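This report concerns only the one structure given below.
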Amino acid sequence: MIISVASGKGGTGKTLVATSLAISIKEINQVQLLDCDVEEPNDHIFMKPVITQTEPVCVRVPEIDKEKCTYCGKCAEVCAFNAIAVVTKYVMVLSDLCHGCGACSYLCPEGAITEEERETGVVETGIADGVDIVQGRLNVGEAMPTPVITEVKSRAEPDKTVIIDVPPGTSCAVVNSITGSDFCLLVTESTPFGLNDLILAVETAKELDITCGVVINRAGIGDKEVEEYCNRENIPVLLKIPLDTEIARLYSKGITLAAGMPQWKETFESLYSDIVEIVDERNRSIKR
Amino acid sequence: MKEIVVLSGKGGTGKTSIVGSFAALSKSKVLADCDVDAADLHLILKPDMKEEHEFWSGQVAVIDGDKCTQCGLCQELCRFGAIDEFKADAVLCEGCGFCSHICPAEAITMKESLAGRWFVSDTPYGKLVHARLGIAQENSGKLVAMVRKEAKELAEKLGVDSVITDGPPGIGCPVISSLSGASLALLVTEPTLSGIHDLERVIGVCDHFGVPVMVCINKHDINDENTSRIEDYCSKKNIDIAARIPYDDVVTEAMIHGEPVVTYDHDNKVSRRIEELWDKVTA
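Top line first, the protein sequences correspond to chains U and R.
479 is the number that our numbering gives to position 162 of the first sequence; each next residue is one higher, with no gaps.
274 is the number that our numbering gives to position 244 of the second sequence; each next residue is one higher, with no gaps.
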């Protein structure tokens with residue numbers, strides 16, 4: 318089963334929930350935690366994994382053979398990302414803009430384009446206290462997180478319980494991360510910003526036909542609007558984590574909730590069984 | 031004209047609350063919300079929308095089933111796994127158009143999609159350029175670039191002193207789009223290990239693009255030890271700590287009232303620190 322932990326708004330507690338859930342249910346089933354927030358991966362701060370393998374993520378960018386090139390301009394014409402410019406007797410490749418689709422090399426009439434690999438990030442695999450860890454890390458200065466996310470997700474083993482820590486927002490990186498999940502857990506806070514972005518996240522999950530449930534973090538601040546919205550939309554609020562200085566203090570030191578306050582383990586176990594029940598129910602209704 | 035972009039790396043550190051207050055403090059500016067996939071600035075600036083524009087971008091492949099001979103070449107060559115069973119998946123499609131060039135039956139065309147909308151609004155504090163990326167759409171970077179361009183043009187037309195930009199979290203495409211060429215990046219962080227980790231990465235991006243930075247430590251009193259770590263790190267990198275803002279529930283209260291914290295409770299210590307921060311940023 319694949320559970321993704323997303324939010325819309327940043328800083329609502331995705332990582333806190335994803336890591337606490339992973340730690341709490343690891344005795345029930347083998348858990349694999351995937352950190353798909355490759356721009357700012359934070360799971361490692363809380364899990365402190367021993368990394369056993371680091372693999373580069375590369376985008377294939379064109380290299381022009383000047384001997385063969387006739388400067389016909391076909392490559393520049395077919396490139397949808399303006400990553401190649403041909404000016405009379407000069408070809409300029411802007412590899413930062415290249416998405417690595419391969420159109421230029423395939424379509425070059427002279428066979429003058431080969432591809433070389435350019436590293437844009439890494440995928441690290443390891444283990445932390447019995448939890449399998451896969452984390453992606455986009456290199457600083459690189460624009461495209463999706464190839465790194467795709468590589469992280471390709472290592473998912475769905476016979477384990479896979480927990481995905483999703484980046485904030487609702488754009489392509491988020492869609493890439495949560496596609497294929499059986500359940501999407503949306504972490505929010507009961508403030509106007511939290512609600513606004515929760516609605517966007519719910520719409521994203523709906524668009525992808527993924528069932529979702531809500532965790533309200535720092536419950537007690539703010540207003541009742543988030544809960545009212547969830548009631549109206551029939552989205553279950555599965556867990557509330559109170560605004561608590563001790564939780565915030567532990568978090569600031571890189572200690573996740575279920576590790577620093579073990580009494581929370583049971584709460585996360587029952588969160589997990591609630592999710593399993595919802596997913597099973599949905600699967601049954603699809604079969605019917 | 032000065033262009034100030036507020037970033038953080040990590041989400042939820044207080045970018046939007048600070049930009050909302052800057053809006054009230056600054057006399058002469060245009061505001062831009064570049065967090066296009068989870069925009070929140072409008073919730074405290076109460077914009078009265080004056081212009082609405084469509085943002086067409088992000089081509090996707092469409093396969094004409096009548097022309098398709100099911101040869102499978104497109105599926106074989108697509109590197110994004112976007113073609114399955116002779117249909118193109120609009121979400122997975124990268125928009126490269128490779129398939130449309132190689133299809134022997136010329137059955138594939140590239141169609142533009144409505145990727146979002148952008149707006150120009152009046153607020154009690156001046157003009158705001160903002161946007162909404164369509165749900166699950168690509169090209170947030172291009173929409174960010176559009177918002178910035180419009181905000182700068184509007185600022186020039188109105189002859190104001192600055193553009194103040196609320197940036198997105200992270201370090202990727204939309205961040206680079208909102209950052210490159212700006213006069214100053216104000217980085218809002220918090221004294222948590224995640225906040226520090228993410229701050230270091232966003233500083234790396236600013237260095238990479240040659241944009242000068244200032245750091246603001248928000249909620250500095252939730253962990254003094256980590257606040258000192260940020261201060262040490264910044265002093266080694268020769269980065270100015272422009273403000274230390276304490277934790278206070280007033281920030282959430284102001285948000286619920288839909289108001290910048292500096293107008294909601296002018297005498298609060300948070301408001302005072304933000305005023306000092308604004309003075310530093312514009313010095």
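C-beta atoms are modelled at their ideal positions from N, C-alpha and C, and glycine is treated no differently.
Because the structure is a prediction, the values reported are computed rather than measured.
- Setting aside the 5 residues that flank it on each side, glycine 537(U) is surrounded in the same chain by Pro559, Leu560, each with a C-beta closer than 7 Å to its C-beta; the list follows chain order.
- Counting every other CB atom within 10 Å of its CB across the protein chains shown gives valine 404(U) a total below 16, marking it as exposed.
- In the DSSP assignment, leucine 567(U) falls within the alpha helix (DSSP H) that extends over 562-569.
- With respect to the C-alpha of aspartate 237(R), the residue from Leu214(R), Ile226(R), Val280(R) having the closest C-alpha is Leu214(R).
- The Cβ atoms of lysine 182(R) and valine 193(R) sit closer than 8 Å to each other.
- Listed in chain order, the positions of the region 519-548 of chain U with a beta carbon within less than 8 Å of a beta carbon of chain R are Glu520, Thr521, Glu524, Leu525, Ile538, Gly539, Asp540.
- Taking 8 Å as the upper bound for CB-CB distance, threonine 442(U) and threonine 369(U) are in contact here, some 6 Å apart.
- Annotation: Cβ neighbours of proline 462(U) in chain R (cutoff 7 Å, chain order): Gly202.
- Secondary structure within the region 456-532 of chain U: the alpha helix (DSSP H) runs of 4 or more consecutive residues, fully enclosed, are 463-470, 489-495, 509-524 (chain order).
- For cysteine 104(R), no CB of chain U lies under 8 Å from its own CB, so it is not counted at the interface with that chain.
- Linking arginine 566(U) to isoleucine 275(R) through their CA atoms gives a straight-line distance of about 17 Å.
- For glycine 453(U), the secondary structure class from DSSP, reduced to helix, strand or coil, is strand.
- Here the alpha carbon of methionine 364(U) sits roughly 10 Å from the alpha carbon of serine 337(U).
- About 16 Å separates the beta carbons of serine 51(R) and leucine 217(R), which is beyond the 8 Å limit, so they are not a contact pair.
- Non-local beta-carbon contacts of phenylalanine 510(U) in its own chain, meaning distances under 8 Å to residues more than five positions away in sequence, involve Lys326 in chain order.
- For leucine 556(U), the three-state secondary structure derived from DSSP is strand.
- The DSSP-derived three-state label of histidine 83(R) is strand.
- The Cβ of leucine 158(R) sits no closer than 8 Å to any Cβ of chain U.
- For serine 58(R), no alpha helix (DSSP H) encloses it, and the DSSP letter there is neither H nor E.
- For proline 199(R) and aspartate 65(R), the gap between their C-alpha atoms comes out near 8 Å.
- Taking 3 residues as the shortest admissible run, the region 67-113 of chain R contains the following complete beta strand (DSSP E) segments, listed from N- to C-terminal end: 78-93.
- In this chain, the beta strand (DSSP E) harbouring cysteine 246(R) covers 243-248.
- Taking C-alpha positions only, lysine 157(R) is separated from leucine 61(R) by approximately 6 Å.
- For cysteine 415(U) and alanine 400(U), the gap between their C-alpha atoms comes out near 5 Å.
- Rounded to whole angstroms, leucine 73(R) and glutamate 136(R) show a C-alpha spacing of 48 Å.
- Cβ-Cβ separation between isoleucine 201(R) and valine 235(R): approximately 5 Å, consistent with a contact (criterion under 8 Å).
- For the region 187-217 of chain R, the set of residues with a beta-carbon nearer than 9 Å to any beta-carbon of chain U comprises Pro198, Pro199, Gly200, Ile201, Gly202, Cys203, Pro204, Val205, Ile206, Ser207, in chain order.
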